[in-house]
Amino acid sequence: MTRLWEPHAYSDAPRADCAWALEQDWPALDGDAETDVAVIGGGYTGLSAALHLAKEGTAVTVLEANAPGWGASGRNGGFCCLGGAKAPDAMLARRFGRDEADLWFEAQKRAIALVADLLTEHRIEAHTHSDGEVVLAHRPRVYQSFGAEAAWLEARGVGADVLPPDALAERGLAAQGIHGGLHVKIGFGLDPGAYAAGLARAARAAGADIRARSPVTAIRPEKGGHRLVTPGGTLRARRLLIATNGYSSEDLPPWLAGRTLPLQSSVIVTRPLSAAERAAQGWTSDLMAYDSRELLHYFRLMPDGRFLFGMRGGYRATPAAEARIARKIRADFAAMFPAWEGVEIAHEWSGLVNLSRGLTPFVGPVPRMDNAWIAMAYHGNGVAMASYSGALVASLIRGQAPTQPYPSVMQAPLGRFPLGRRRRALFTAATPLLWLRDRL
Ligand SMILES: Cc1cc2nc3c(=O)[nH]c(=O)nc-3n(C[C@H](O)[C@H](O)[C@H](O)COP(=O)(O)OP(=O)(O)OC[C@H]3O[C@@H](n4cnc5c(N)ncnc54)[C@H](O)[C@@H]3O)c2cc1C
Numbered sequence: 007m008t009r010l011w012e013p014h015a016y017s018d019a020p021r022a023d024c025a026w027a028l029e030q031d032w033p034a035l036d037g038d039a040e041t042d043v044a045v046i047g048g049g050y051t052g053l054s055a056a057l058h059l060a061k062e063g064t065a066v067t068v069l070e071a072n073a074p075g076w077g078a079s080g081r082n083g084g085f086c087c088l089g090g091a092k093a094p095d096a097m098l099a100r101r102f103g104r105d106e107a108d109l110w111f112e113a114q115k116r117a118i119a120l121v122a123d124l125l126t127e128h129r130i131e132a133h134t135h136s137d138g139e140v141v142l143a144h145r146p147r148v149y150q151s152f153g154a155e156a157a158w159l160e161a162r163g164v165g166a167d168v169l170p171p172d173a174l175a176e177r178g179l180a181a182q183g184i185h186g187g188l189h190v191k192i193g194f195g196l197d198p199g200a201y202a203a204g205l206a207r208a209a210r211a212a213g214a215d216i217r218a219r220s221p222v223t224a225i226r227p228e229k230g231g232h233r234l235v236t237p238g239g240t241l242r243a244r245r246l247l248i249a250t251n252g253y254s255s256e257d258l259p260p261w262l263a264g265r266t267l268p269l270q271s272s273v274i275v276t277r278p279l280s281a282a283e284r285a286a287q288g289w290t291s292d293l294m295a296y297d298s299r300e301l302l303h304y305f306r307l308m309p310d311g312r313f314l315f316g317m318r319g320g321y322r323a324t325p326a327a328e329a330r331i332a333r334k335i336r337a338d339f340a341a342m343f344p345a346w347e348g349v350e351i352a353h354e355w356s357g358l359v360n361l362s363r364g365l366t367p368f369v370g371p372v373p374r375m376d377n378a379w380i381a382m383a384y385h386g387n388g389v390a391m392a393s394y395s396g397a398l399v400a401s402l403i404r405g406q407a408p409t410q411p412y413p414s415v416m417q418a419p420l421g422r423f424p425l426g427r428r429r430r431a432l433f434t435a436a437t438p439l440l441w442l443r444d445r446l
């Protein structure tokens, strides 16, 4: 396996202090086995695909290098919300046409509904809360744009309320340096680990075979399919799904080399805040929120009173770089929520999100490879979209026309980034520009 970041990023260390539980009690692949569909990667994408395939009676085995939900799926911020591409709507409309851009928006709405349905159908207790989410303007001119944004959302069937600056305190949404808000009435917060574990159990109950501690080290072509090599044994499969997202290897399959840009994201969670502490800051709402910066912060008060705060991660994946980002995230947290400066941080962790060159996700067949599909690149917004992409790719693998929207936005194969193995430098170079834009 050849990967883009330092080994630290792929070790247990960045998630050791994660707030979400990880169920480890899954068997590893032991010996040689055979299945119809092999899935590499046990996050939301792979687990949702396995669940939807197994439900339809397809034999499916998930090979996960660690445990289901070990990757971004078990260490995210828990925002089940719109998103999945980084390309803005106007760019998508230019590239794919207005209708396809609108279909992409419809897919995002359906993705949130899918997660809600999965939680209900499989009785997954994921501690949900929040009626939609709030965007907080970090500049007055951003607030000025919220009226048009609300109209755009309303035209597409999503309720949206503009919250003037003086309404924020009344709504229990008081943060420093904010100039108004936009309440987007779709989406909810959840416990990401509970959702990942529930999805894994649901897939197993439907008949999927889920194997942990089974890193795929090679994919060998074989007559009529593929042979996947793991330390404990091999798996022969007629069809293959690559669902490794930010934890992908450059050579699994070779086509993927240079086509993803994994970036770190970091999260802290406080101890439970008392009612008096919440009142002192003026943040009492259970609405999940993020600010309008390019280098954004995302945060939510959870049902048990703990406060989660996340932002982009560092340029390097080493203990020293993590220590630097730990200082930075505390400073940003204290700047936005001064009443909570110094409050005990009970958990902190980081993980890898994944960008594509076209700034859109890709769900489709792997070019130049028979009977292999791929679903990834949700640009840090995959709770809903990875779940949806898993369901979508399950239909494609079964050779069925998807019943859900499959916009061309999701069909453009991943392009190759410039700079090859050095492409992380693109992010390093872009960050000061984004930082400057946030301040102008
Ligand atoms: C800190 C952080 C905060 C985030 N916050 C949010 C949020 O609030 N809302 C939101 O929508 N999205 C959020 N995201 C993004 C979201 O978590 C991801 O988009 C989503 O979980 C991707 O799911 P996935 O299944 O595609 O990938 P992952 O969950 O990353 O799973 C990939 C899996 O593949 C496995 N794997 C890799 N290589 C191999 C191999 N060779 N063999 C076997 N297994 C392998 C890995 O071990 C891993 O478990 C966040 C991400 C991070 C890191």
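Numbering (the working numbering), first residue to last: 7 to 446.
The beta carbon of each residue, even a glycine, is placed where N, CA and C say it ideally should be.
The structure displayed is predicted, hence computed values, not measured ones.
DSSP places M317 in the uninterrupted beta strand (DSSP E) bounded by F313 to R318. P408 sits away from L109, with the two beta carbons spaced by 8 angstroms or more.
Assignment of G187 by DSSP, reduced to helix, strand and coil, places it in the strand class. Remark: the shortest separation between the CB of W76 and any heavy atom of ligand 1 falls under 7 angstroms. Around the C-beta of E228, fewer than 16 other C-beta atoms lie within 10 Å, and the residue is accordingly described as exposed. The beta carbon of R101 sits closer than 6 angstroms to no other beta carbon from its chain once the five residues preceding and following it are set aside. Nearest Cα to S362 within the set I46, L307, I351 and A418: A418.
Short of 6 angstroms from the beta carbon of F111, and not among the five residues preceding or following it, lie these beta carbons of its own chain, in chain order: R162. The beta carbon of W261 sits closer than 8 angstroms to those of V372, P373, R374 and M375, all from its chain and outside the five residues before and after it, given in chain order.
Beta-carbon to beta-carbon, H385 and A91 are separated by about 6 angstroms, close enough to satisfy the 8 angstroms threshold. Contact between V190 and V148 is absent: CB atoms are separated by about 14 angstroms, not below the 8 angstroms threshold.
Among the bridge pairs identified by DSSP, A295 is matched with V140 and F305. Under the DSSP assignment, A56 falls outside any beta strand (DSSP E), being part of the alpha helix (DSSP H) whose first and last residues are Y50 to K61. Within the segment 67-122, the alpha helix (DSSP H) runs of at least 4 residues that lie entirely inside it are, in chain order, 95-102. As DSSP reads the structure, P227 sits in a beta bridge with H232. When N72, A44 and A435 are compared, the shortest CA-CA separation from I225 is found for A44. Shown here, R207 sits in a helix according to DSSP, grouped into three states. The nearest non-hydrogen atom of ligand 1 is less than 7 angstroms from the C-beta of R81. In terms of Cα proximity to A166, the closest of F152, L174, D172 and G178 is F152. Residue state for A166 is assigned as strand, using DSSP reduced to three classes. For the 8 angstroms CB-CB criterion, A73 and W32 form a contact. Using a Cβ distance threshold of 8 angstroms, A60 and A212 count as a contacting pair. Taking every protein chain shown into account, the CB of T434 has fewer than 16 other CB atoms within 10 angstroms, so this residue is exposed. In this structure, the straight-line span from the alpha carbon of S401 to that of C24 is close to 33 angstroms. Shown here, D215 sits in a strand according to DSSP, grouped into three states. Taking the C-beta atoms as reference points, A202 is found nearer than 8 angstroms to G75.
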